[in-house]
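Some notes on the structure that comes next.
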Amino acid sequence: MARRITFMKAINEGLDMAMEKDERVILLGEDIAGGAKVDHLAKQNEDAWGGVFGVTKGLMPKYGRERVIDTPISEMGYMGASVGAAATGLRPVPELMFNDFIGFCLDTILAQGSKMRYMFGGKAKIPMTIRTCHGAGASAAAQHSGSYYGILASIPGIKVVVPSNPYDAKGLLIAAIEDDNVVVFSEDKTLYGLKDEVPEEYYKVEIGKAKIKREGTDLTIVTIGKMLYVALEVAERLAKDGIEAEVIDLITVAPWDQETVINSVKKTGRLIIIDEANPHNNTATDIASVVGDQAFDYLDGPIKKVCAPNTPVPFATNLEQLYLPNADRVIETAAELIDDLKK
Amino acid sequence: MARRITFMKAINEGLDMAMEKDERVILLGEDIAGGAKVDHLAKQNEDAWGGVFGVTKGLMPKYGRERVIDTPISEMGYMGASVGAAATGLRPVPELMFNDFIGFCLDTILAQGSKMRYMFGGKAKIPMTIRTCHGAGASAAAQHSGSYYGILASIPGIKVVVPSNPYDAKGLLIAAIEDDNVVVFSEDKTLYGLKDEVPEEYYKVEIGKAKIKREGTDLTIVTIGKMLYVALEVAERLAKDGIEAEVIDLITVAPWDQETVINSVKKTGRLIIIDEANPHNNTATDIASVVGDQAFDYLDGPIKKVCAPNTPVPFATNLEQLYLPNADRVIETAAELIDDLKK
Amino acid sequence: MEKLSKERAEWIYKKMNDIRNFEDEVHQIFSTGSIPGFVHLYAGEEAIATGVCAHLTDKDYITSTHRGHGHCIAKGCDLDKMMAEIYGKETGLCKGKGGSMHIADIDKGMLGANGMVGGGFPIAIGAALRNKYLKTDDVAVCFFGDGAANEGTFHESINMASIWKLPVVFVNENNSYGETTPQKYASGSKRIADRASAYGIPGETIDGKDLMAVYEAAGKAIDRARKGEGPTLIECITYRNYGHFEGDEQKYKAKEGQEKDLADRDSIPEFREYAVAEKLLSAEKADQIEQTSVEDIEHAIKFAEESPIPKPESLYENVFVD
Amino acid sequence: MEKLSKERAEWIYKKMNDIRNFEDEVHQIFSTGSIPGFVHLYAGEEAIATGVCAHLTDKDYITSTHRGHGHCIAKGCDLDKMMAEIYGKETGLCKGKGGSMHIADIDKGMLGANGMVGGGFPIAIGAALRNKYLKTDDVAVCFFGDGAANEGTFHESINMASIWKLPVVFVNENNSYGETTPQKYASGSKRIADRASAYGIPGETIDGKDLMAVYEAAGKAIDRARKGEGPTLIECITYRNYGHFEGDEQKYKAKEGQEKDLADRDSIPEFREYAVAEKLLSAEKADQIEQTSVEDIEHAIKFAEESPIPKPESLYENVFVD
Ligand SMILES: Cc1ncc(C[n+]2csc(CCOP(=O)(O)OP(=O)(O)O)c2C)c(N)n1
Ligand SMILES: Cc1ncc(C[n+]2csc(CCOP(=O)(O)OP(=O)(O)O)c2C)c(N)n1
Ligand SMILES: [Mg+2]
Ligand SMILES: [Mg+2]
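Below, the structure is given as structure tokens:
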């Protein structure tokens, strides 16, 4: 298992294998192939972009425009069409180019896709995977850098996953597409270039199961998406002071893995959650609230969160870096928890 | 101050006085007057509905159709138009008939109204008050009964208020309209008939300030909107067992009053938050997470939340009642906190 | 398109009566308080749902609106279960969890009433996309109101249906009002069918009170869709007998003139007269259908009333497919 | 509408050159890595922003798009501060917090570039509503792309502008593509102006590379709006010189035929030739304007480069009005 591919390629491969396996899987989105009806591209069976970041590159040439469908700029339309197609037997995988565009099409998730099965008394099945991307760090400014998986995770009836690495990305995406529910698959756009080992086969990573990425006894750090790397750096630094942090990659934010988190906190007695979302009503608050209820007796100190500030994402590079949670902030926070740790 | 009027009338009066005082205040929404261009109504200068619940009744006859504007069924259009009108000097008060329609127009709040000032480096001012309604209990089923103020409260750059009674409703609405920021004013539709004393004058209730509705030393119960009445019932019942609950009406969910809540918890050592929203990533989790961080040392037991379950709102009356947080559930939860309390 | 057969005419007459009786009864019952929530009645618009669905099989899909009972009945949903749903009973089409605004039966191709105005457009084109992708000749029909034509979903969905030549028919029920707001106030275009050209598809305005006019226009459009020739927009001029929802005082309705004339028309006797004259229906058969329909609705009410309310644990069920 | 004066012609020629030089320079600088983020250049479309804004004062409003530099310049925003904004500097129009996609200057009536395709429509009609409500004769202009015409906001906003007769002009910049997607694929209607009739407003398609065509069509429409006669939709056929954003390989562009002809046209020398022939501009004046423009952009770059980055505490500022 020595093959190393990028996060982006892993996602591409997940889509490819899911499409290969099940003809009912179709993709829809803006420029996910690109160049629809352009003669010279059609002649060469070429896609123009394969998505704005190139994630779906090559899929149209392989599966054709019937299965890799470029849409007009009509998010409510094609996201809702995906709900309709899913309700009637296909397994659509629409791409919402940036999660920031959710304001154009939230109804299809909030009022339709997530509620249909319930409202219809169990008759409907909406096997739909929404791919989107989130995250600051690409100088994309306030309207293209938000992290809104937490808003989506508050909606009953859908699942939301946030992979942190190529291996999970491929396996989770396949699991999402095989899932009979609406699953939001949120990619951190700044991770696309990240390389790691990824098996060539078709495999699934379980939705709803967190992973312990580093074991430790003194402090639990729960992370979402790329915040994992902040935590791993922090754990390294803390280890030098003899403090062993347990790092948990949450992976699924709805429904998140309460058991793994609570067991860890029971062991360590201390918890920091790192979430790039704005600080209110996000997954970090949800975790904190559950731990503060169910593991209260095991806690040795306050429950800490490190999140983005309560501001939009600024454009200037220096401000954007300041906006993002980083290792220094987490270390400072850890210091509040662990007396004998030097600042 | 003996005059008692309904919650609905108090809102109507708040709008009326705000319009009277400032000509820049205009209202927009679907059927907020009703019967636009209907000859026989025009002749009598009559509105047809005054909003689906009658909240804006009589305002069109008084202020005319230039200021009380019936819109087509185009939520993104008129909510966005309100942002544009606010950015250019008016003080629009659009009505989103049900907060469940947020999926049709979230962009105007998420990406435009809430971010403009920041993105424009402080140049823009968006003095806009969005009236909407939330809440289960009216048999309006899954798409007309949600409580989404928590989703909105997660967005940086806006304020969100949830009044529980006529007095606050009038004063808060006036404060919201005078506020130079985007304020969401979310009305519980099942409270419209509730009567209480309301002064006839123009007055403001401070946004961001919670109110202690009952003092107590044993347990803090924080509530949002009509959950106040659940808490007051609980407090009565607990009092019979000699337990004194302090009941806090949060009133504003963004930015919520950390000081009042934390001071109360420091006194009582126990906290229950009642929030009708679905349980994940809501205001209850936010409060729990802040208290679990900042008042940890004062806590005598786990932090408890009583929320709606993680399901859509069901239609059948018996299920809907089960869906709503109620006094029995809160009492059971309180019993977990206070050992000597009989179940 | 097939000429109207006797069998179809009987089917149509039964459905029209079922819808009318169903709605008239719900109107009555609502006033007694036995039915909770928001209820939007279809009475007066029967010719549309019936004239359109006469061309559909269970394999064709429809999306409906908040005013969905008529579409449900015309699409073949069980009357007993429908009534039970509106009562919020366990035996309801949706186990009592949907109610009037979310009544649905996917097995019958009925993709749901929809509490969101304009919510049906994208779902309908999604079903049509599925039909096309699977190379079936099934179609999708999207029913929508005049008010819904001003939602962005109208625009996005019809445009996509056009560029992808989807087998879908957009059936507009123009009953002059969206709640209290006249279509003539809310629409920049005089006719909703005028908007079809903005998407390069055919559009026409027809008399929605005339069953045969609907039957023929819908037949043509559905045939076109089945043949892969793309979508059509049909605007049906109609009127609702009751208020926007139960409880509406209807102050905005005109008590005279053109509007009153439209209000006074009744497509059920109009169709009966036509069908009897054309020998598609005997007077006896028509009487008998009327009678059966009354009985069927009575049965549905009895069924609904006697049915149990949902079990408490069902609150937590059907959120996810396990 | 006024005939084009010498003064206006000089203004126009300066703005066209400013836009071109600004964008060409940003293109260069972007390739060196000094400018971060997503940058969408307006080069090639100068005639539109300039021809339209020539009729506007600081009191009129415009809404722009992700491709907003041209609109900004034509609306009179400061070049130094614009460039500083794109660099993310403290001296920028938005203090470095907006960047290319959110560049704005409300004092100049420029209500912002917008990262949301279709985001400008409702904002523009809101500004127009304000203009009408306050009984001013100010107008609002909404610039939007061919791709944006498929968003629901297009539909909702133009319909409302029509029924309320708002003083707003919808200026479509049809550059054949929304990102890589041809307009001819994405739109059910052949022409975007064809959609105007769906809202009962006038619509026309013009040569968007021809400054005078834009100037005249916009002049008429803006006059109409000022007089309270309602909105107009103008579709301007144009082409962008660069990719969708910086970094785009542009594989989808046709290298021959009609598209190539359009790409090869340049409205700046075309206008110069026209204006000199019509004696609106002397050749010397034109040369001088070209020279000044180059210097002004150089100055802007120097200003931007020498400006400080934002202070850390500004991260937390301007979220709310205190
Ligand atoms: C997205 C959304 N906006 C508004 C409403 C409130 N509403 C319910 S029905 C209705 C009027 C619909 O009018 P029309 O489409 O003409 O259908 P009709 O009721 O006349 O059949 C409105 C505004 C809603 N349910 N959903
Ligand atoms: C709501 C939304 N959807 C999609 C995008 C991604 N996007 C940015 S520009 C663009 C193409 C816009 O095309 P057009 O309107 O023709 O403008 P042009 O770029 O050609 O000037 C797209 C799809 C976006 N920014 N916002
Ligand atoms: Mg209607
Ligand atoms: Mg374009």
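Residue numbers (our numbering), protein chains in the order written: chain W, 213 to 555; chain R, 213 to 555; chain H, 34 to 355; chain L, 34 to 355.
Think of the CB as a built atom: it goes at the ideal place given N, C-alpha and C, for glycine as much as any other residue.
Quick check on residue i - is its C-beta less than 8 Å from some C-beta in chain L?
i	result
Gly253 (chain R)	Going by the sequence as given, residue 253 (chain R) is Leu instead of Gly. No, because no Cβ of chain L sits closer than 8 Å to the Cβ of Leu253 (chain R).
Lys555 (chain R)	In this prediction, Lys555 (chain R) has a pLDDT of 45, which is less than 50 and means its spatial position is unreliable; what the coordinates show is noted afterwards. No, no contact with chain L.
Phe527 (chain W)	yes
Pro306 (chain W)	no
Can you find a C-beta in chain W that's less than 8 Å from the C-beta of residue i?
i	result
Phe71 (chain L)	yes
Arg163 (chain H)	yes
Mind checking which residues open and close the alpha helix (DSSP H) that includes residue i?
i	result
Pro273 (chain W)	Leu271 to Tyr275
Leu384 (chain W)	Pro378 to Glu390
Leu126 (chain H)	Segment: none, Leu126 (chain H) is in no alpha helix (DSSP H) and carries neither H nor E.
Val295 (chain R)	Glu287 to Ala299
Asp505 (chain W)	Thr495 to Gln506
Tyr218 (chain L)	Gln216 to Ala219
Thr90 (chain H)	Here Thr90 (chain H) belongs to no alpha helix (DSSP H), and DSSP marks it neither H nor E.
When the Cα atoms are used, what is the spatial distance from residue i to residue j?
i	j	result
Asn530 (chain R)	Pro537 (chain R)	13 Å
Cys86 (chain H)	Glu40 (chain H)	14 Å
Cys110 (chain L)	Ile367 (chain R)	30 Å
Lys286 (chain H)	Pro339 (chain W)	44 Å
Ile550 (chain W)	Val477 (chain W)	14 Å
Ile223 (chain R)	Val267 (chain R)	7 Å
Asp93 (chain H)	Ile119 (chain H)	24 Å
Asp179 (chain L)	Asn205 (chain L)	6 Å
Leu534 (chain R)	Gly347 (chain R)	14 Å
Thr169 (chain L)	Gly261 (chain L)	10 Å
Lys141 (chain L)	Ser326 (chain L)	20 Å
Pro306 (chain R)	Phe176 (chain H)	28 Å
Between residue i and chain C, is the shortest Cβ-Cβ distance under 8 Å, so that the two count as touching?
i	result
Ala229 (chain H)	The chain labelled as chain C is not found among the protein chains of the depicted structure, namely W, R, H and L.
What are the boundary residues of the beta strand (DSSP E) that residue i is part of?
i	result
Cys345 (chain R)	Met340 to His346
Leu403 (chain W)	Careful: Leu403 (chain W) lies outside any beta strand (DSSP E) and carries neither H nor E.
Gly241 (chain W)	Val237 to Gly241
Pro302 (chain L)	Not the beta strand (DSSP E): Pro302 (chain L) falls in the alpha helix (DSSP H), residues Ser300 to Ala310.
Val518 (chain W)	Ile515 to Cys519
Asn205 (chain L)	Val201 to Asn207
So, using beta-carbon positions, are residue i and residue j closer together than 8 Å?
i	j	result
Glu399 (chain R)	Cys317 (chain R)	no
Leu431 (chain W)	Thr480 (chain W)	yes
Asp380 (chain W)	Ile463 (chain W)	yes
Asp461 (chain R)	Ala422 (chain R)	yes
Tyr218 (chain L)	Ile158 (chain H)	no
Ile239 (chain H)	Val247 (chain H)	yes
Pro491 (chain W)	Met331 (chain R)	no
Arg305 (chain L)	Glu268 (chain L)	no
Ala146 (chain H)	His135 (chain H)	yes
Flag residue i as yes if its beta-carbon sits less than 8 Å from any beta-carbon of chain R, otherwise no.
i	result
Ala323 (chain W)	yes
So, does the CB of residue i fall closer than 8 Å to a CB anywhere in chain H?
i	result
Thr218 (chain R)	no
Thr523 (chain R)	yes
Asn494 (chain R)	no
Thr300 (chain W)	yes
Pro411 (chain W)	no
| Neighbouring residues (CB closer than 7 Å to any heavy atom of ligand 3) | H:Gly178, H:Asp179, H:Gly180, H:Glu206, H:Asn207, H:Asn208, H:Ser209, H:Tyr210, H:Gly211 and H:Gln216
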